[in-house]
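Novice: Got a structure for you, written out below as structure tokens; questions coming shortly.
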Amino acid sequence: MLQNNSTALQEKLIRFNQRAEERDAERRAAKQRRPYLNIVTTPVEIEALRLVPEERAKELKLAAVNLVNKDLIVAVFDLGAAGVAEELARLEKLGYKPDIFVTSIAGLRHAWSYYKYVTGAAGEIIGRVELNVEKLQTLKKEMTTMGKLKGRLEEFNFNKVPVTEFLEAVFGGALALGASDIHFEPAKTRVEVRMRLDGVLHQVLGGESKPLPKDFYRQVASRIKLLAGLKLNITDETQDGRFTIAIGQDNVEVRVAMAPAEYGEVIVMRLLDPETISLNVTQLGFRLSDQKTMEAELKKPNGMMLVTGPTGSGKTTTLYAFLKKVATAEVKIITIEDPVEYHLEGIEQTQVDAEAGYTFASGLKSIMRQDPDVILVGEIRDQETAGIAVNASLTGHLVFSTLHTNDAAGAIPRLVDLKAEASLISAALDLVIAQRLVRKLCEKCREKQTVTPSLKERWERFIEKLPERVRKEDGVKVPSVIYETPRQRKECERCGGTGYKGRVGVFELFRITDEVERIIAEKHAVLDIREMARKQGMVTMQEDGMLKVLAGVTSLEEVERVTGEIEF
Numbered sequence: 013m014l015q016n017n018s019t020a021l022q023e024k025l026i027r028f029n030q031r032a033e034e035r036d037a038e039r040r041a042a043k044q045r046r047p048y049l050n051i052v053t054t055p056v057e058i059e060a061l062r063l064v065p066e067e068r069a070k071e072l073k074l075a076a077v078n079l080v081n082k083d084l085i086v087a088v089f090d091l092g093a094a095g096v097a098e099e100l101a102r103l104e105k106l107g108y109k110p111d112i113f114v115t116s117i118a119g120l121r122h123a124w125s126y127y128k129y130v131t132g133a134a135g136e137i138i139g140r141v142e143l144n145v146e147k148l149q150t151l152k153k154e155m156t157t158m159g160k161l162k163g164r165l166e167e168f169n170f171n172k173v174p175v176t177e178f179l180e181a182v183f184g185g186a187l188a189l190g191a192s193d194i195h196f197e198p199a200k201t202r203v204e205v206r207m208r209l210d211g212v213l214h215q216v217l218g219g220e221s222k223p224l225p226k227d228f229y230r231q232v233a234s235r236i237k238l239l240a241g242l243k244l245n246i247t248d249e250t251q252d253g254r255f256t257i258a259i260g261q262d263n264v265e266v267r268v269a270m271a272p273a274e275y276g277e278v279i280v281m282r283l284l285d286p287e288t289i290s291l292n293v294t295q296l297g298f299r300l301s302d303q304k305t306m307e308a309e310l311k312k313p314n315g316m317m318l319v320t321g322p323t324g325s326g327k328t329t330t331l332y333a334f335l336k337k338v339a340t341a342e343v344k345i346i347t348i349e350d351p352v353e354y355h356l357e358g359i360e361q362t363q364v365d366a367e368a369g370y371t372f373a374s375g376l377k378s379i380m381r382q383d384p385d386v387i388l389v390g391e392i393r394d395q396e397t398a399g400i401a402v403n404a405s406l407t408g409h410l411v412f413s414t415l416h417t418n419d420a421a422g423a424i425p426r427l428v429d430l431k432a433e434a435s436l437i438s439a440a441l442d443l444v445i446a447q448r449l450v451r452k453l454c455e456k457c458r459e460k461q462t463v464t465p466s467l468k469e470r471w472e473r474f475i476e477k478l479p480e481r482v483r484k485e486d487g488v489k490v491p492s493v494i495y496e497t498p499r500q501r502k503e504c505e506r507c508g509g510t511g512y513k514g515r516v517g518v519f520e521l522f523r524i525t526d527e528v529e530r531i532i533a534e535k536h537a538v539l540d541i542r543e544m545a546r547k548q549g550m551v552t553m554q555e556d557g558m559l560k561v562l563a564g565v566t567s568l569e570e571v572e573r574v575t576g577e578i579e580f
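Each residue of the sequence shown is one higher than the last, beginning at 13 in the working numbering.
Written out as structure tokens, the structure reads:
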């Protein structure tokens, strides 16, 4: 009890002394007619800090703490001290514009504590992780399953292992297994780590396995902030950044999102693997009948094609595949995205910058003056963007974009909600594609299951309800066997024992025909639009998923997980 009281008293004295130092700094700032800066509550930037060597900064009692373009904030204990004026003059000669603030020694010590992250030349740490090909190949051999990745991470002694070695194993394992996201999630006494494989989260540290200690996690968070160019000493605000994992000649972009939570900062890192956009339209998962419809629409010189679905449903991959399909030397393509996730050769890509006033709407206006043939708008999310996109498709441009709706027919009322005129929507819109992603059965460990007589009858009824065009062009037949995941879990090296490897789209294609145009123009309800689409032979996403079950691509359980309960 006495020890606890002593500790509390010491902490109280420390806080008292710190407040006294800050009050003294405020008085000195007023006397010198300079602004005061409390560095403890100010973001410290490594790129600013590295402009003054550590020994020199401590000798002169100053620190460069913030840099925007060439505007540099320099915190100084005593502006009149010997050598300070010369150091400021040196920074000015380098092209910087020092803005001088008076601070306390306690504040400077806080800033100086970040010098441990200043190593090497600018750019060696920030924004780049080197992972050589040989090392990645070794990791791929070692981490063929999620269980092996867990085992590798649990071997680490977190009191001794360098943070860089730990992160190298995390990134290498994620890339080896094809993870799309890495999540660091602090709990009350520990931190859990999860990875998303084929759309499903899997725990790699925490839960029943060894957790990540909080002290070590703080070092991990600082390292990730450093890589992503984020503020190191800001923990109560959301921050977004990105960096690159360099693997030989290839680069994997990593988008970082950090947010404060009850027990610490949550970190989510999305891995943007260039292989994701290597798909062409024939590899997206369209059935033959739908592919014919989609390719016919892509041959049109103008009009609008929309892809709908929630975040993470593969909309960007589909749109990029469309761009690659229509891209030729004679066609000028410009995009406006938020952000540019992947870079495509031969295509002009621009990125939304809200602070600079470059929004989807203003960017689209600017793009229209560049005489494009094809325009990609990352998302139609407001009235102005919707209006400009619709008008662009009516004035000789082919427009691709996305909307957040539950199904294809829902795109029409969504555009009406955004104040687009119904008569213009019907004239501008050619095709709406709704999509989701389902996991593909592992071809190595999937198992055949004989279709029982009762299930066979249900499949017969399902096939009878399909449009004749689909039955004929896709060669749909009543199955005698279907494929499913293994009945008993296997340590399959291809899929890591999950029974699934990779994902494929399930689609719903809604063509805007003359009959649909009339219904839209007459402002019918979405139920009428959906009914007309069905009469025209539209196959729903769930039906498309079930057809992929018949083709041995996925399972009934997976289709039900993604599209809802199946009744047939």
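Note that the Cβ used here is the ideal one computed from N, Cα and C, for glycine as well. Note that the structure is a prediction, hence the values are computed from the model and not measured.
So, for C507: in the same chain, excluding its five sequence neighbours on each side, which residues have a beta-carbon less than 6 Å away from its beta-carbon?
Specialist: Numbered from its first residue, the sequence shown carries residue 507 at position 495. Correct list, in chain order: C454 and K513.
Novice: Return the chain-ordered list of same chain residues with a C-beta closer than 7 Å to the C-beta of R202, the five sequence neighbours on each side being excluded.
Specialist: The count along the sequence shown starts at 1 and reaches residue 202 at position 190. These residues qualify, in order along the chain: G218, P223, L224, P225 and K226.
Novice: In this structure, how does DSSP classify L91 when only helix, strand and coil are distinguished?
Specialist: To locate residue 91, count along the sequence shown from 1; it is residue 79. In this structure, L91 counts as coil in the three-state DSSP scheme.
Novice: Pick out the complete beta strand (DSSP E) segments inside the region 454-483, 3 residues or longer, and give them in chain order.
Specialist: 459-462
Novice: Which same chain residues end up closer than 7 Å to Q6 when comparing Cβ atoms and leaving out the 5 residues on each side of it in sequence?
Specialist: In the structure as shown, the chain begins at 13 and stops at 580. Residue 6 is therefore absent and cannot be evaluated.
Novice: What three-state label does DSSP hand G276 in the structure shown?
Specialist: Taking the first residue of the sequence shown as position 1, residue 276 is located at position 264. Correct three-state label for G276: strand.
Novice: If you follow the beta strand (DSSP E) that D111 is part of, which residue opens it and which one closes it?
Specialist: Taking the first residue of the sequence shown as position 1, residue 111 is located at position 99. K109 to V114 is the extent of the beta strand (DSSP E) around D111.
Novice: Pull up the CB-CB distance for W124 and A69, whole angstroms please, since I reckon it's below 8 Å.
Specialist: Within the sequence shown, numbered from 1, the residue matching residue 124 stands at position 112. Within the sequence shown, numbered from 1, the residue matching residue 69 stands at position 57. Contact between W124 and A69 holds: their C-beta atoms lie close to 7 Å from each other, under 8 Å.
Novice: Counting only the same chain and skipping the five closest in sequence on each side, list residues whose C-beta sits under 6 Å from that of Q215.
Specialist: Here residue 215 refers to the residue found at position 203 of the sequence shown. Annotation for Q215: R206 place their beta carbon closer than 6 Å to its own, counting only its chain and skipping 5 residues before and after.
Novice: For L410 versus V338, is the C-beta distance shorter than 8 Å?
Specialist: For the purposes of this step, residue 410 is taken as the residue at position 398 of the sequence shown. For the purposes of this step, residue 338 is taken as the residue at position 326 of the sequence shown. Yes.
Novice: What number of angstroms, rounded off, separates the C-alpha of V212 from the C-alpha of T510?
Specialist: Mapped onto the sequence shown, residue 212 falls at position 200. Mapped onto the sequence shown, residue 510 falls at position 498. Taking the straight line joining both Cα atoms gives about 10 Å.
Novice: Beta-carbon within less than 7 Å of P110's beta-carbon, same chain only, minus the 5 sequence neighbours each way: which residues are those?
Specialist: Translated into the one-based positions of the sequence shown, residue 110 becomes position 98. L84, V86, L100, L103 and E104, listed in sequence order.
Novice: Drop a sphere of 10 angstroms on the beta-carbon of V561, count the other beta-carbons inside from all chains shown, and report buried for 16 or more, exposed for fewer.
Specialist: Position 549 of the sequence shown, counting from 1, holds the residue named residue 561. Buried, since its Cβ has 16 or more Cβ neighbours within 10 Å.
Novice: Going by DSSP, what residue range makes up the alpha helix (DSSP H) through V561?
Specialist: Looking up residue 561 in the sequence shown gives position 549. M553 to L562 is the extent of the alpha helix (DSSP H) around V561.
Novice: What residue range does the alpha helix (DSSP H) around T370 cover?
Specialist: Taking the sequence shown and counting its residues from 1, the one referred to as residue 370 is at position 358. What sits at residue 370 in the sequence shown is Tyr, not Thr. Boundaries for Y370: no alpha helix (DSSP H) harbours it, and the DSSP string shows neither H nor E there.
Novice: Could you spell out the range, first to last residue, of the alpha helix (DSSP H) harbouring M306?
Specialist: Stepping through the sequence shown from its first residue, residue 306 is reached at position 294. Run containing M306: L300 to L310, per the alpha helix (DSSP H) assignment.
Novice: Is the CB-CB distance between I346 and P286 below 8 Å?
Specialist: Translated into the one-based positions of the sequence shown, residue 346 becomes position 334. Translated into the one-based positions of the sequence shown, residue 286 becomes position 274. Contact flag unset, no.
Novice: Which class does Q15 belong to by DSSP, given the choice of helix, strand or coil?
Specialist: In the sequence shown, counting from the first residue as 1, residue 15 sits at position 3. Residue confidence for Q15 is low, a pLDDT of 49 falling below 50, so the modelled location carries little weight; the figure read from the coordinates is stated next. Reduced to three states, the DSSP call for Q15 is helix.
Novice: Could you tell me if V386 is buried or exposed, where buried requires 16 or more neighbouring beta carbons within 10 angstroms of its beta carbon?
Specialist: As a position in the sequence shown, residue 386 is number 374, starting the count at 1. By the neighbour-count rule (16 or more Cβ atoms within 10 Å), V386 is buried.
Novice: Start and end of the beta strand (DSSP E) containing I541?
Specialist: Taking the sequence shown and counting its residues from 1, one reaches residue 541 at position 529. Here I541 belongs to no beta strand (DSSP E); instead the alpha helix (DSSP H) covers V538 to K547.
Novice: Where V463 and I259 are concerned, what is the direct C-alpha to C-alpha distance, given to the nearest angstrom?
Specialist: Within the sequence shown, numbered from 1, the residue matching residue 463 stands at position 451. Within the sequence shown, numbered from 1, the residue matching residue 259 stands at position 247. Counting only the Cα atoms, I259 lies some 46 Å from V463.
Novice: Taking N263 as the reference, give the member of L284, G276 and M270 with the closest Cα.
Specialist: Start at 1 with the first residue of the sequence shown, and residue 263 comes out as number 251. Nearest of L284, G276 and M270 to N263, Cα basis: L284.
Novice: Kindly give me the distance between the Cβ atoms of R448 and M553, rounded to whole angstroms, as I take these residues to be in contact under 8 Å.
Specialist: Position 436 of the sequence shown, counting from 1, holds the residue named residue 448. Position 541 of the sequence shown, counting from 1, holds the residue named residue 553. Their Cβ separation, rounded to whole angstroms, is 6 Å, which keeps R448 and M553 in contact under 8 Å.
Novice: With DSSP run on the structure shown, which of helix, strand or coil describes F334?
Specialist: By one-based count along the sequence shown, residue 334 stands at place 322. F334: helix per DSSP, three-state reduction.
Novice: Using the C-alpha atoms, what's the distance from A432 back to T54?
Specialist: Reading the sequence shown from its first residue, position 42 is the one you call residue 54. Reading the sequence shown from its first residue, position 420 is the one you call residue 432. Their Cα atoms are separated by approximately 45 Å.
Novice: Throw me the rounded Cβ distance for the G390 and T371 pair, which I believe falls under 8 Å.
Specialist: Against the sequence shown, residue 390 aligns to sequence position 378. Against the sequence shown, residue 371 aligns to sequence position 359. Their Cβ separation, rounded to whole angstroms, is 11 Å, which puts G390 and T371 out of contact at 8 Å.
Novice: Please classify N169: is it buried, with 16 or more other beta-carbons within 10 angstroms of its beta-carbon, or exposed?
Specialist: Residue 169 sits at position 157 when you count from the first residue of the sequence shown. The residue is exposed, with fewer than 16 neighbouring Cβ atoms inside 10 Å.
Novice: Return the residue from the list I531, F522 and G517 that minimises the CA-CA distance to T575.
Specialist: Counted from its first residue, the sequence shown places residue 575 at position 563. Of I531, F522 and G517, the residue nearest in Cα terms is G517.
Novice: What is the DSSP secondary structure of I431, reduced to helix, strand or coil?
Specialist: Here residue 431 corresponds to residue number 419 of the sequence shown, with the count starting at 1. A quick correction: the sequence has Lys, not Ile, at residue 431. K431 falls in the coil class under three-state DSSP.
Novice: Just the C-alpha distance for V77 and I58, rounded to the nearest angstrom, thanks.
Specialist: Counting from one through the sequence shown, the residue named residue 77 turns up at place 65. Counting from one through the sequence shown, the residue named residue 58 turns up at place 46. Approximately 8 Å between the Cα atoms of the pair.
Novice: Is the number of C-beta pairs between the region 418-432 and the region 308-320 that are closer than 8 Å three or more?
Specialist: yes
Novice: Run the CB neighbour count on Q251, radius 10 Å, all protein chains shown included, and call it buried at 16 or more, exposed below.
Specialist: As a working note, residue 251 is residue 239 in the sequence shown. Classification of Q251: buried, given that the 10 Å Cβ count is 16 or more.
Novice: Applying the criterion that 16 or more other CB atoms from any shown protein chain within 10 Å of the CB defines a buried residue, is R39 buried or exposed?
Specialist: The count along the sequence shown starts at 1 and reaches residue 39 at position 27. In this structure R39 is exposed. Its beta-carbon is surrounded by fewer than 16 other beta-carbon atoms within 10 angstroms.
Novice: Assuming S405 and A440 make a contact with CB atoms under 8 Å, what is their CB distance in whole Å?
Specialist: For this step, residue 405 is matched to residue 393 along the sequence shown. For this step, residue 440 is matched to residue 428 along the sequence shown. Between A440 and S405 the Cβ distance is about 4 Å, and since that is below 8 Å, they are a contact.
Novice: Measure the C-alpha to C-alpha separation of E469 and F196 and round it to an integer number of angstroms.
Specialist: In the sequence shown, counting from the first residue as 1, residue 469 sits at position 457. In the sequence shown, counting from the first residue as 1, residue 196 sits at position 184. Going by the C-alpha atoms only, they are around 48 Å apart.
Novice: Considering only the beta carbon of each residue, do L61 and F89 sit closer than 8 Å?
Specialist: For the purposes of this step, residue 61 is taken as residue 49 along the sequence shown, with counting starting at 1. For the purposes of this step, residue 89 is taken as residue 77 along the sequence shown, with counting starting at 1. Cβ distance not < 8 Å, so L61 and F89 don't count as in contact.
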